[in-house]
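Trainee: Submitted below is the structure of interest, expressed as C-alpha cells.
Number of protein chains: 2
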Amino acid sequence: MSVLVVGSVAFDSVETPFGARREIVGGAATYFALAASHFTRVHVVGAVGEDFGPEHMAVLERRSIDLEGLERLPGKTFRWSGRYSYDLNARDTLETRLGVFETFNPRIPEGHRSPGLLFLANIDPDVQLAVLSQVKRPRLVGCDTMNFWIEGKPESLRRLLAQVDMLVINDSEARQLAGEASLVRAAAIIRAMGPRILIVKRGEFGAAAFDNAGPFAVPALLLESVVDPTGAGDSFAGGLMGYLARHAAAGEISGRLMRRAIAMGSVLASFTVESFGVEGLLHLTPEQIDQRFAAFRELSHLGDA
Amino acid sequence: MSVLVVGSVAFDSVETPFGARREIVGGAATYFALAASHFTRVHVVGAVGEDFGPEHMAVLERRSIDLEGLERLPGKTFRWSGRYSYDLNARDTLETRLGVFETFNPRIPEGHRSPGLLFLANIDPDVQLAVLSQVKRPRLVGCDTMNFWIEGKPESLRRLLAQVDMLVINDSEARQLAGEASLVRAAAIIRAMGPRILIVKRGEFGAAAFDNAGPFAVPALLLESVVDPTGAGDSFAGGLMGYLARHAAAGEISGRLMRRAIAMGSVLASFTVESFGVEGLLHLTPEQIDQRFAAFRELSHLGDA
Chain B
1 MSVLVVGSVA
11 FDSVETPFGA
21 RREIVGGAAT
31 YFALAASHFT
41 RVHVVGAVGE
51 DFGPEHMAVL
61 ERRSIDLEGL
71 ERLPGKTFRW
81 SGRYSYDLNA
91 RDTLETRLGV
101 FETFNPRIPE
111 GHRSPGLLFL
121 ANIDPDVQLA
131 VLSQVKRPRL
141 VGCDTMNFWI
151 EGKPESLRRL
161 LAQVDMLVIN
171 DSEARQLAGE
181 ASLVRAAAII
191 RAMGPRILIV
201 KRGEFGAAAF
211 DNAGPFAVPA
221 LLLESVVDPT
231 GAGDSFAGGL
241 MGYLARHAAA
251 GEISGRLMRR
261 AIAMGSVLAS
271 FTVESFGVEG
281 LLHLTPEQID
291 QRFAAFRELS
301 HLGDA
Chain C
1001 MSVLVVGSVA
1011 FDSVETPFGA
1021 RREIVGGAAT
1031 YFALAASHFT
1041 RVHVVGAVGE
1051 DFGPEHMAVL
1061 ERRSIDLEGL
1071 ERLPGKTFRW
1081 SGRYSYDLNA
1091 RDTLETRLGV
1101 FETFNPRIPE
1111 GHRSPGLLFL
1121 ANIDPDVQLA
1131 VLSQVKRPRL
1141 VGCDTMNFWI
1151 EGKPESLRRL
1161 LAQVDMLVIN
1171 DSEARQLAGE
1181 ASLVRAAAII
1191 RAMGPRILIV
1201 KRGEFGAAAF
1211 DNAGPFAVPA
1221 LLLESVVDPT
1231 GAGDSFAGGL
1241 MGYLARHAAA
1251 GEISGRLMRR
1261 AIAMGSVLAS
1271 FTVESFGVEG
1281 LLHLTPEQID
1291 QRFAAFRELS
1301 HLGDA
C-alpha cells in the first residue's frame, strides 16, 4: 500500500549545543517521506521555490520517493531556523519565511488520488482540507498540526479533525487543543472531535496513544548521543505510517499493528536525532532498522505474566 | 525478607491546583514504608519531635510498620511546604524546617542490624553513612539523594555511593551528579562511582534503569487525575524495594525481577499521586495492586516478536 504525504519541503538552519547547519534540506514532508520510504512507496505533495536545485531534489530522489506532486513555483523555498539548548526538548524558532507556501494551493496528480494511506503533515489546515477533498477516501487519514493553527485557525482545524482517523501531535499541543491539563481527559475530548486514534509525541520521553484498544505508552530509546531533534516528530509519523502501509491487511487496522507501528515510528525518530538534518535517514539498512526495533522491544519488556 | 528504611518523617503542607493540605504526615521514610508495607515487613529508622502525636503515629501503625527505630526527640518534627503549578512535574519549595533532623544521629535497634534490604532515603549523606556502618551487609543497599547534597556534601556523597548497590534519583539530579547532559553517558559515569544499578525517576514520564542487564525504560501509567505528586518518588522506591524483598530468592537479584520491581514501584507511585498526602497508600487491597500491575503491563505491551 502506498502513502501520500502533503506538507512542507524546506531549507532549515539549526543550532544545537553540538554544532550548526545552514540551509539544509528539511521540512515535515521531507522527514516523513524519508522515514516512510524504508517501508513503502511514498508520494510527496508540496511546493519548492526556484532556489531548490537538483542537488536538493537528489536528497529525496535517492530514496525513490515519487515527486510528481512536488511543484516548483516562482519565489523562494520555505525557510525555518531554530536553536536548541542543552534541554533538547525545547527549541526557539528564530525565523520562519513561508516563501512559496504563502500562496500554495495543492493539486494532487491524477494518478495519486486513491492513496492507500494519507498523511497531512503540519501545514495550514485549509491546505490540509483542500488535499482531503481531492482524494478518494484512503484506508486511514492521519494529520499533524501545531499551536500556531490551534490558535490561529480553530474553525478550519475543527472541520479537518472531523474528517481524519488519526491525529499525531505534541503533548503540550494536545492539552492546548483540548483546553485540559490532564492528558487522559484531553485525549477523550480530542477523540470526540473526530480522530478515533490520538497519538501524543513526548520527545525524549516517547509517545502515548489513545484508541479503542485502550491506552498505550512507550518510552523513547535511550540514546547515547542526540545532536539535532529537528524532524523527530515527522520521522516518527513517517515510520509509523510506512509500517502501517506495509503491514495492514484488508479491513480494520488492528490495535496490535498500531502498537508496533508506533514502536517503528520511535525507531525512525531515534535515527533522525542522532545526526544533523536528514542524514540519519538516508543510508539506513533494513538490518539496522530491525536491530533497533528489537532493542526497542527489549527496552521495556517486562517478561511474561 | 524485611526492609529497613532510614529517612525523614515529616509534616508536609502542600498546595496544588486541585486543593491544599496543611501539616499532614509525610516524609520520605513515611511514603517509602507505606508503599513497601504492602509486600513485606518494614522497619523505620528516623526521628520525630514532641509535636508528633499518637494520631500521627497511627498513620504508620495502621500498616503494621515497625517503629522501634523511630525516635521521639526534644523539639519539633521536620516540616516541609511546597507548591505545584499545573505542570505537576515541577514544584517550588516554600519552606523547609529541619527540626529534630538538625542533630539527628541514627541508632539502629539491636534486633534490626541484619536487614534483608536497606534503603537510605534522601537525607544528609553523613547520616546515610552512619546507618550503613551499623548494619551487617544486606542483600541490597539502595539510596536516594538530591541536588542539595550533590552540591553541599559531594565528598560524603561519593563515599556513600562507593558502598551502595542501587541509586534511585531524578532525571535532572542524575545529569547534575555526573556533570553530563546525556542520560546514557551520565548513567555510565554514576555507575563507575559505585552503584551497579541506577534508577532514574522521570515523573509523569516513568522511569529508566541502567544495570548489567542493559537499559530499561517504562512509561508511567496514564492517570485521569493527578492531584498531589508529593511522595511519588519515595512510594516508587518503596514499591520497588518491597517487591524485591518479597520475591528475591537467595543469590543475585536478577535483571528480570528488577524490571518487575520497577513496574511495581510505578504502580505504588500511581496510587500516591491520585490523592493528597499518603491517603492513596493506606487502604489499598492486594487485588487493586494486582489489577494496576496488569494494566501497567498492558500499557506498553508490544505483542510477541
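Protein chains in written order, with the numbering used here: chain B, 1 to 305; chain C, 1001 to 1305. Glycine residues also receive a C-beta, built at the ideal position from the N, C-alpha and C atoms. Since the model is a prediction, treat every value here as computed from it, not as a measurement.
Which residues does DSSP list as the beta-bridge partners of Ser85(B)?
Mentor: The partner list for Ser85(B) (beta bridge, DSSP) is empty, contrary to what the question assumes.
Trainee: Any contact between the region 1124-1143 of chain C and the region 1058-1075 of chain C? By contact I mean 3 or more CB pairs, one from each, below 8 Å.
Mentor: The region 1124-1143 of chain C makes no contact with the region 1058-1075 of chain C: fewer than 3 CB pairs, one atom from each, lie closer than 8 Å.
Trainee: In this structure, how does DSSP classify Arg139(B) when only helix, strand and coil are distinguished?
Mentor: coil
Trainee: Give, in chain order, every unbroken run of the alpha helix (DSSP H) that is at least 4 residues long and sits entirely within the region 233-282 of chain B.
Mentor: 255-273 and 279-282
Trainee: Taking the CB atoms as reference points, tell me whether Val1005(C) and Ala1121(C) lie closer together than 8 Å.
Mentor: yes
Trainee: Let me make sure I understand the geometry here. Which of Leu1157(C), Glu1151(C), Ser1002(C) and Arg1158(C) has the alpha-carbon closest to that of Gln1176(C)?
Mentor: Glu1151(C)
Trainee: With DSSP collapsed to three states, give me the class of Phe1296(C).
Mentor: Look at Phe1296(C) here: in three-state DSSP terms it is helix.
Trainee: Can you name the residues of chain C whose CB is closer than 9 Å to the CB of Val368(B)?
Mentor: Nothing can be reported for residue 368(B), as the shown portion of chain B is limited to 1 through 305.
Trainee: List, in chain order, every chain B residue whose beta-carbon is nearer than 7 Å to that of Leu1302(C).
Mentor: What Leu1302(C) touches in chain B: Arg259, Arg260, Ala263 and Arg297.
Trainee: Am I right that Leu1088(C) and Pro1125(C) are in contact with their C-beta atoms under 8 Å? What's the rounded C-beta distance?
Mentor: Leu1088(C) to Pro1125(C), Cβ: 28 Å. No contact.
Trainee: I need the DSSP call for Thr285(B), collapsed to helix, strand or coil.
Mentor: coil
Trainee: Under 7 Å Cβ-Cβ, which residues of chain C neighbour Tyr31(B)?
Mentor: Here the premise fails: no neighbours, minimum Cβ distance about 23 Å.
Trainee: So, for Phe1039(C): in the same chain, excluding its five sequence neighbours on each side, which residues have a beta-carbon less than 7 Å away from its beta-carbon?
Mentor: Gly1242, Tyr1243, Ala1245 and Arg1246
Trainee: Please classify Arg259(B) as buried or exposed, where buried requires at least 16 other C-beta atoms within 10 Å of its C-beta.
Mentor: buried
Trainee: Compare the C-beta of Phe39(B) against all C-beta atoms of chain C and say whether one is closer than 8 Å.
Mentor: no
Trainee: Distance cutoff 8 Å, beta carbons only. Does Pro1219(C) sit that close to anything in chain B?
Mentor: Closer than 8 Å to some Cβ of chain B, the Cβ of Pro1219(C) qualifies, so yes.
Trainee: Along the chain, where does the beta strand (DSSP E) containing Arg218(B) start, and where does it finish?
Mentor: Rather than Arg, the amino acid found at residue 218(B) in this sequence is Val. Per DSSP, Val218(B) belongs to the beta strand (DSSP E) from Phe216 to Val218.
Trainee: Identify the residues that DSSP records as bridge partners of Trp1080(C): which are they?
Mentor: Looking at the DSSP assignment, Trp1080(C) forms a beta bridge with Asp1012(C) and Thr1096(C).
Trainee: Got a sec: is the Cβ-Cβ distance from Pro1215(C) to anything in chain B below 8 Å?
Mentor: yes
Trainee: Give me the Cα-Cα distance between Ala312(B) and Thr230(B), rounded to the nearest whole angstrom.
Mentor: Summary: the structure shown does not reach residue 312(B), with chain B confined to residues 1 through 305, and so no result is reported for it.
Trainee: Hey, how far is the Cα of Glu298(B) from the Cα of Phe1216(C)?
Mentor: 8 Å
Trainee: So, is the C-beta of Phe236(B) closer than 8 Å to a C-beta in chain C?
Mentor: Not closer than 8 Å to any Cβ of chain C, the Cβ of Phe236(B) fails to qualify, so no.
Trainee: What three-state label does DSSP hand Ile1306(C) in the structure shown?
Mentor: With chain C covering only 1001 through 1305, there is no way to say anything about residue 1306(C).
Trainee: Any heavy atom of the ligand COA closer than 7 Å to the Cβ of Pro74(B)?
Mentor: Ligands are entirely absent from the displayed structure, and the ligand COA is therefore not among its contents.
Trainee: Sorted by chain position, which residues of the same chain lie with C-beta nearer than 6 Å to Ala249(B)'s C-beta, five sequence neighbours on each side aside?
Mentor: none
Trainee: From this set, Pro74(B), Phe271(B) and Ala36(B), which residue's C-alpha is nearest Gly49(B)'s C-alpha?
Mentor: Pro74(B)
Trainee: With a threshold of 8 Å between beta carbons, is Arg1063(C) in contact with chain A?
Mentor: No chain A appears in this structure, whose protein chains are B and C.
Trainee: Any idea if Asn170(B) is buried or exposed, counting beta-carbon neighbours within 10 angstroms, 16 or more meaning buried?
Mentor: buried
Trainee: When the Cα atoms are used, what is the spatial distance from Ala1029(C) to Val1164(C)?
Mentor: 18 Å
Trainee: Applying a beta-carbon distance threshold of less than 8 Å, which residues of chain C neighbour Ala90(B)?
Mentor: By Cβ distance, chain C contributes nothing, its closest Cβ being about 13 Å from Ala90(B), past 8 Å.
Trainee: Would you kindly work out how many angstroms separate the C-alpha atoms of Gly1082(C) and Gly1194(C), rounded to a whole number?
Mentor: 32 Å
Trainee: Are the CB atoms of Ala90(B) and Pro106(B) nearer to each other than 8 Å?
Mentor: no
Trainee: Can a CB atom of chain B be found closer than 8 Å to the CB of Arg1256(C)?
Mentor: yes
Trainee: Going along chain B, which residues have a C-beta under 8 Å from Phe1205(C)?
Mentor: Arg202, Phe205, Gly206 and Pro219
Trainee: In the DSSP output, what is Gly46(B) paired with across the bridge?
Mentor: Leu70(B)
Trainee: Using 8 Å for Cβ pairs, my map puts Ser1235(C) next to Thr1272(C). What's the rounded Cβ distance?
Mentor: 4 Å
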